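**Q**
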Amino acid sequence: TLLPSTTHDAMCASLRPADLFLSLQGLRLVFVGISLQASGVESGLFDGEDTGGAAPSLKSLEPTEWSMHLGRASCEIPAASGLMNGICTDEVSELDSQLSFCRDVVQYRACVPAHQPLWPEWNAKKKDVMLAKLYKEVVERRLAKEMNVTSKVFVEIHLLSNPECFTALKNALCWHNFPKCSDQNVSLPLCQDSCERYYTACKYKPAADGLHDACRLDTVRESGLFGSGSPGKDQTLALDNETCESTAGLADQFVEETQTDRSEE
-10 TLLPSTTHDA MCASLRPADL FLSLQGLRLV FVGISLQASG VESGLFDGED
40 TGGAAPSLKS LEPTEWSMHL GRASCEIPAA SGLMNGICTD EVSELDSQLS
90 FCRDVVQYRA CVPAHQPLWP EWNAKKKDVM LAKLYKEVVE RRLAKEMNVT
140 SKVFVEIHLL SNPECFTALK NALCWHNFPK CSDQNVSLPL CQDSCERYYT
190 ACKYKPAADG LHDACRLDTV RESGLFGSGS PGKDQTLALD NETCESTAGL
240 ADQFVEETQT DRSEE
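The sequence shown begins at -10 in this note's numbering and counts up one residue at a time.
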């Protein structure tokens, strides 16, 4: 048996006549091991392809089930992400029966997950449950760290005996994951004031100008929201305006009502 003397000869020697290699002007489209033998019946390269050159039928790819939200105004989740995978609720009360954890702070027309036939169980209710679980895990992990007092490790106290921090964290989590819809059905990013309120409530030290560096637009652009280390299009804050101020008013009202309920207990 003669051994090929070059790499090219080696490649050619290893191929069967039925294997196909295709190269188009530098765009390397390589199909390896595609058998062209037809077992006595002539067929196309791909299943369903007409050997006469007619385009294959795409009828099998047509959807058989449509989203129940077809025709509703679509919106981005998260805001500014470019992912139009949500719908704007028509009324604030539309979420009353769907939200539990975020119900008291999402008092606005929100962008919520749209019905997807491929994932019919994923909706606002399931997302709310997931956020509640995430919140619980974050809080418990942080409290365990703050309560584990040692002489060797210094841990800043933010959550311990600080109900305002609990509230600010919940607000930010819910507002970011259920963004507010504008009158034009555009998802609005988390307000810069909401970020400031979180860091203030959780007793983080501000900069010399009284603002927190983590809430500056340049910092968020480089490091993501709340120092997540995951910058992206959806990691942004909205400048304070009437929309943000109205949301902040709801937050103040919620804090006052919470404090009143505690005093009555």
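Here a beta-carbon is modelled for each residue, glycine too, at the ideal position from N, C-alpha and C.
None of these values were measured; they are calculated from a predicted model.
How big is the Cα-Cα spacing for residue 257 and residue 54?
**A** Because the chain in this structure spans residues -10 to 254, residue 257 falls outside the shown range and cannot be described.
**Q** DSSP puts residue 108 in a beta bridge; with which residues?
**A** Position 119 of the sequence shown, counted from the first residue, corresponds to residue 108. 105, per the DSSP bridge assignment.
**Q** Rank 86, 66, 161 and 50 by C-alpha distance to the C-alpha of residue 174 and give the top, closest one.
**A** Indexing the sequence shown from 1 puts residue 174 at position 185. It is 66 whose Cα lies nearest to the Cα of residue 174.
**Q** Do the stretch 119 to 134 and the stretch 143 to 150 meet, that is, are 3 or more Cβ pairs less than 8 Å apart?
**A** Cβ pair count under 8 Å is three or more, so yes.
**Q** Within 10 angstroms of its Cβ, does residue 207 collect 16 or more other Cβ (buried), or is it exposed?
**A** Taking the sequence shown and counting its residues from 1, one reaches residue 207 at position 218. The residue in question, residue 207, is exposed, as its Cβ has fewer than 16 Cβ neighbours within 10 Å.
**Q** State yes or no: is the C-beta of residue 71 within less than 8 Å of the C-beta of residue 169?
**A** Counting from 1 along the sequence shown, the entry for residue 71 is found at position 82. Counting from 1 along the sequence shown, the entry for residue 169 is found at position 180. No.
**Q** How is residue 169 classed by DSSP in three states: helix, strand or coil?
**A** Residue mapping note: residue 169 aligns to position 180 of the sequence shown, counting from 1. Strand at residue 169.
**Q** Could you tell me the boundaries of the alpha helix (DSSP H) in which residue 77 lies?
**A** Walking along the sequence shown from the start, residue 77 turns up at place 88. Segment 75 to 77 is the beta strand (DSSP E) holding residue 77; no alpha helix (DSSP H) there.
**Q** Could you compute how far the alpha carbon of residue 106 sits from the alpha carbon of residue 93?
**A** Numbered from its first residue, the sequence shown carries residue 106 at position 117. Numbered from its first residue, the sequence shown carries residue 93 at position 104. Each residue's alpha carbon lies about 29 Å from the other.
**Q** Is residue 220 near residue 210, with beta carbons less than 8 Å apart?
**A** Start at 1 with the first residue of the sequence shown, and residue 220 comes out as number 231. Start at 1 with the first residue of the sequence shown, and residue 210 comes out as number 221. In this structure, residue 210 lies closer than 8 Å to residue 220 by Cβ.
**Q** Expressed to the nearest angstrom, what Euclidean distance is found between the alpha-carbon atoms of residue 125 and residue 119?
**A** On the sequence shown, position 136 is the one that residue 125 refers to. On the sequence shown, position 130 is the one that residue 119 refers to. If I take the Cα positions, the gap works out to 10 Å.
**Q** The alpha helix (DSSP H) that contains residue 136, what's its start and end?
**A** For the purposes of this step, residue 136 is taken as the residue at position 147 of the sequence shown. Residue 136 -> alpha helix (DSSP H) spans 113 to 136.
**Q** Looking only at its own chain, which residues have a Cβ that is under 7 Å from the Cβ of residue 79, when we skip the five neighbours before and after it?
**A** To locate residue 79, count along the sequence shown from 1; it is residue 90. Excluding positions up to five away in sequence, the list is empty.
**Q** Restricting to Cα atoms, I'd like to know which of 46, 73 and 50 is closest to residue 58.
**A** On the sequence shown, position 69 is the one that residue 58 refers to. Comparing Cα positions, the closest option is 73.
**Q** Identify, in the order they occur along the chain, each residue of the same chain with its Cβ nearer than 8 Å to the Cβ of residue 224, setting aside the five sequence neighbours on each side.
**A** Counted from its first residue, the sequence shown places residue 224 at position 235. Excluding sequence neighbours, residue 224 sits near 209, 210, 213, 214 and 217.
**Q** With a threshold of 8 Å between beta carbons, is residue 129 in contact with chain D?
**A** Here there is only one protein chain, and chain D is not present.
**Q** Put residue 226 into one of helix, strand or coil per three-state DSSP.
**A** What you label residue 226 is simply residue 237 of the sequence shown in a count that begins at 1. Residue 226 falls in the coil class under three-state DSSP.
**Q** Could you compute how far the alpha carbon of residue 228 sits from the alpha carbon of residue 180?
**A** For this step, residue 228 is matched to residue 239 along the sequence shown. For this step, residue 180 is matched to residue 191 along the sequence shown. When rounded, the distance between both Cα atoms is 6 Å.
**Q** Report all residues from its chain with a CB closer than 6 Å to the CB of residue 50; omit the five preceding and five following residues, and keep chain order.
**A** Numbered from 1 along the sequence shown, position 61 holds the residue referred to as residue 50. Answer for residue 50: no residue qualifies.
**Q** Buried or exposed, going by whether 16 or more other CB atoms sit within 10 Å of the CB of residue 123?
**A** Here the question's residue 123 lines up with position 134 in the sequence shown. Classification of residue 123: exposed, given that the 10 Å Cβ count is below 16.
**Q** Which residues does DSSP pair with residue 191 in a beta bridge?
**A** Mapped onto the sequence shown, residue 191 falls at position 202. Paired residue(s): none; residue 191 is not in a bridge.
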